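Reading through the structure tokens given below for one structure.
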Amino acid sequence: MRKELTLALLVVAAGVTTFAAVPAAAAGADGVADADGAARADAPRDRGGVSSAQDGAPPDPETDVLGWENGYWYNESLSVSQQNGLNKSERRKTVSLAMARVERIRQLEFRKRVPVSVISRERFRQSSGGGTVSAASRTFDNAKYEAMFLINESADSIAVQERNSGSSIGGFYTPTEDRIVVISDAAGAPRIDELTLAHELVHALQDQHFDLSEFERPTREQHNAIDGLVEGDANYVQYRYQQRCGDNWTCYGTEQGRPGGGSGSLANVGAYLLKYQPYSDGPPFVASVRNASGWEGVNALYEDPPESTEQIIHPELYGEDRPSRVTVRDRSNDEWEKLTVKGSVDYAELGEAGLFTTLVYPGIASQGNQSVIPPESFFGSAAESNATTLDGYNYSHPYTAGWDGDKLVVYTNEATPDGETGYVWKSAWDSSADAKEFVRAYRDLLRIHGADRVEGRNNAWVIPEGREFSDAFYVERRGDKVVIANAPTVEQLSGVYGPAANESSSSALGPIRSS
């Protein structure tokens, strides 16, 4: 049975864009032009004396070939207007043309046609939320986002993410149903944005050749790592597709020069940025492989996909730096119980992307007034290049670049009011210096949220009542390992994590350092 999976295109929202148009002559746009020159890469081959889109398309081939689908060549133009939406016939033509163009760029043949429907954003919002989520799953997710200082545990993190999706998703492909849905912001006359359609067609193509349901994604880190390939591939093809629109191809429904377009503001920018990372870093990761090994090299990635967001953020580490397996020993007392979720793993992994998002979010939320990682570090590459680079946003910073693995476990205590939780989050680093740098940054994060050191305890901090994320924290570094423990109060810290009771700076395992 195929696992439930939906591949969605995140689009422009809250000032975050995917990529901007650049001259069509730069169709490679990743520093390497096509072998025959980017400007000529999509000129039709000479078939029956026809050599240009202006002169007319070549005759239909006797058998299905790359760049031709259902009677349409990739370089043809259509006589359709989206002013009043598309009827069934016009939609079929538009989909056929987009399929041919995706084939041409991606160099893979569609094995079958995929149904495409168009719905309004309002209808999408009404139908996409409200799925069955167990109480344990909701509690676990709340604790995870609280640990990242993105969503306070008093809020419903799943509901927040659903509201984000309602504003930011431009379309999706569902492998379990083998269909594409494009979301339209045009009231009354739903239209198809060709770039959004192309992106989702890539997912259908991937599924036909590589079976996307085979990938395990039990944690956010593993989800983002796989999406670095899957969404990176789709976004890279979409990027190259966009470069051909205008001078080389006539494209439809892309008047704004960008894919899709969200409607409305995000419920939480931090949660959005966590999931956006593979859309930003995935395309240059895929481009680096294609430049070195061609599309055959990209195809091979599906047999040996990236194992971490670190490998997506730093493509040179793919195949060279595997993440460490981090274990979290249960050191809680009888009052606290490790939270498990039926049918899922009992831990979270947030990865380099998650840690970066944690540290950059205060600066973005405060518009630079309070920051650990300055917002300009995140927006820098896009700003410096006028948003024309393939990698628009930077998820790399010295505070998090030394990440080597992490694991977060959640604890519950029936005696706590309002079902408050605790957690232990352990991370491994490439060196003790990297671990020390992260602890220094995390300590700054605590200060931004109003935390004070607990007198008599070198490693304990508390965010006072009345402030968002009010809780107690215990932060220790042992060589290249960092442990962060959390509980509602200082007194409860040792219940969640026994060593938090230590007030000295040493233990049988050696010095415990807070910086």
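For the sequence shown, my numbering gives the first residue as 1, with consecutive numbering after it.
Just so it is clear, CB atoms sit at the ideal spot from N, CA and C, and this is done for glycine as well.
Because the structure is a prediction, the values reported are computed rather than measured.
Host alpha helix (DSSP H) of F438 (start-end): F438 -> alpha helix (DSSP H) spans S432 to I448.
Ignoring anything shorter than 4 residues, give me the alpha helix (DSSP H) runs that lie fully in the segment 67-110, in order along the chain. Runs of the alpha helix (DSSP H) inside the segment 67-110: 88-106.
Could you work out which residue in K275, G270 and E316 is closest to A292 when comparing CA atoms only? Considering only alpha carbons, the answer is E316.
In angstroms with no decimal places, state the Cα-to-Cα distance between F124 and S184. Roughly 9 Å between the two C-alpha positions.
Span separating the alpha-carbon of D281 from that of Y173: Each residue's alpha carbon lies about 21 Å from the other.
Measuring alpha carbon to alpha carbon, tell me which residue in N394, M148 and D207 is nearest P278. Of the listed residues, the one whose Cα sits closest to P278 is N394.
Whole-angstrom Cβ separation of N224 and G351, contact assumed at under 8 Å? Separation of the CB atoms of N224 and G351 is rounded to 6 Å, and the pair is thereby assigned contact status at 8 Å.
Backbone CA spacing between P283 and G232 [nearest angstrom]: About 4 Å.
Please report the distance separating the alpha-carbon of Q206 from that of L212. Taken atom to atom, the span from the alpha-carbon of Q206 to that of L212 is near 7 Å.
Does R408 pass the burial test, meaning 16 or more other C-beta atoms within 10 Å, or should it be called exposed? A quick correction: the sequence has Leu, not Arg, at residue 408. Classified as buried, L408 has 16 or more neighbouring CB atoms from the shown chains inside 10 Å of its CB.
For E153, which residues in the same chain have their Cβ closer than 6 Å to its Cβ, ignoring the five residues on either side in sequence? Within the same chain, Cβ atoms closer than 6 Å to the Cβ of E153 are found at N142 and E146, the five residues on either side in sequence being excluded.
Would you be able to state if there are at least three C-beta pairs under 8 Å between the segment 180-199 and the segment 92-101? With the cut-off at 8 Å, the segment 92-101 and the segment 180-199 touch.
Taking the C-alpha atoms as reference points, what is the distance between V328 and L339? Approximately 13 Å between the Cα atoms of the pair.
Where R104 and L66 are concerned, what is the direct C-alpha to C-alpha distance, given to the nearest angstrom? Their Cα atoms are separated by approximately 6 Å.
Where L150 and A271 are concerned, what is the direct C-alpha to C-alpha distance, given to the nearest angstrom? Going from the Cα of L150 to the Cα of A271 covers about 6 Å.
How long is the line joining the alpha carbons of N369 and Y361, rounded to whole angstroms? C-alpha separation (whole angstroms): 12 Å.
In DSSP terms, what C245 is bridged to: DSSP output for C245 lists W249 as bridge partner(s).
Just list the residues that DSSP pairs K342 with in beta bridges. In DSSP, K342 forms no bridge with anything.
Whole runs of the alpha helix (DSSP H) within the segment 166-230, excluding any shorter than 4 residues: If only complete runs of 4 or more residues are kept, the segment 166-230 shows the alpha helix (DSSP H) at 194-210, in order along the chain.
Can you look up T412 in the DSSP assignment and give me helix, strand or coil? Strand.
Using the Cα positions of T421 and A472, report the straight-line distance between them to the nearest angstrom. Rounded to the nearest angstrom, the gap between the Cα atoms of T421 and A472 is 11 Å.
Could you check the C-alpha separation between I313 and A155 for me, to the nearest Å? Near 30 Å, if we compare the C-alpha coordinates of A155 and I313.
Cβ-based neighbour list, N502, same chain, cut-off 6 Å, excluding 5 preceding and 5 following: Excluding positions up to five away in sequence, the list is empty.
Can you tell me the Cα-Cα spacing of I226 and I119, whole angstroms? Cα atoms of I226 and I119: separation of roughly 28 Å, rounded to the nearest angstrom.
Would V424 and F140 be called neighbours here (beta carbons separated by less than 9 Å)? Going by C-beta atoms, V424 is not nearer than 9 Å to F140.
Where DSSP assigns a beta bridge to K112, which residues make up the other side? Per the DSSP secondary-structure output, K112 pairs with nothing in a beta bridge.
Tell me which residue opens and which closes the beta strand (DSSP E) that Y474 is part of. Its beta strand (DSSP E) spans residues A472 to R478.
Let me check one thing: in DSSP terms, what residues is A501 bridge-paired to? Listed as beta-bridge partners of A501 by DSSP are no residues whatsoever.
Are W461 and S427 touching if we call contact CB-CB under 9 Å? Inclusion of W461 and S427 in the CB contact set at 9 Å is not warranted, their separation being larger than that value.
Hey, would you say Y302 sits closer than 9 Å to L229, going by beta carbons? Yes.
Local conformation of N299 per DSSP, three classes: Helix, per DSSP.
Provide the residue span of the alpha helix (DSSP H) that contains G490, from first to last. Gly is not the amino acid found at residue 490; the sequence shown has Val there. V490 to V496 is the span of the alpha helix (DSSP H), which, as asked, contains V490.
Our contact map puts V410 next to Y442 with C-beta atoms below 8 Å; I'd like the distance itself, whole angstroms only. About 19 Å separates the Cβ atoms of V410 and Y442, ruling out a contact at the 8 Å cut-off.
DSSP state of D304 mapped onto helix, strand, coil: DSSP places D304 in coil when its eight states are reduced to three.
Exposed unless 16 or more other CB atoms sit within 10 angstroms - verdict on V496: So V496 ends up on the buried side.
With a CB to CB cut of under 7 Å and the five nearest residues on each side skipped, what residues in its chain are close to V133? Counting only Cβ-Cβ distances below 7 Å, and skipping sequence neighbours, we find I158.
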